[in-house]
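Shown next, in structure tokens, is the structure this report addresses.
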Amino acid sequence: VIDGNLFEENDSLDAGLYDGMHITDTIGTVISRNICLDNDRWGIRIDGMGQDGVKVSLNYTDGNTAGDIIIFNNNCRNTQVEWNTVEGGTISDGGTNTRSYGNYDPSANAFVGNVGVAPF
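Plus 30 on top of the position in the sequence shown (first one is 1) and you've got our numbering.
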């Protein structure tokens, strides 16, 4: 569980090589109630060869250079991205069987990034 952290200005004055949070090769990890602000790549990046069953829920992202949340490649399986507030409106999905719903972009007053089938 990665819960209740602030990830702010990682690499903000450098080469744009660092995410707020970069999770790789985990199974069943829950990423919740974190704040990712002004990082020079992604706010939250899910990546790796053996990623499975990760849940990204109730996080807040804003001002990240590349975007808010990314499921980076098709080796990331069964990821749930739900109920996050993404000020940039960017949720990018390259994963397999990703479920994404209820994510909100206040700047556009719209729900974004809905893919797959919600589990309810």
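For glycine and all other residues, C-beta sits at the position ideal for the given N, C-alpha and C.
Item: Span separating the alpha-carbon of Thr120 from that of Ala45; Value: 21 Å
Item: Nearest candidate by alpha-carbon position, reference Leu88, set Ile99, Asn127, Asn94, His52; Value: Ile99
Item: Distance CB(Asn104)-CB(Gly80) smaller than 8 Å; Value: no
Item: Spatially closest choice to Phe37 from Pro136, Asn114, Asn69, by CA coordinates; Value: Asn69
Item: C-alpha distance - Asp106 paired with Asn35, whole-angstrom precision; Value: The amino acid occupying residue 106 in the given sequence is Cys; Asp does not appear at that position. The straight-line gap from Cα to Cα measures roughly 23 Å.
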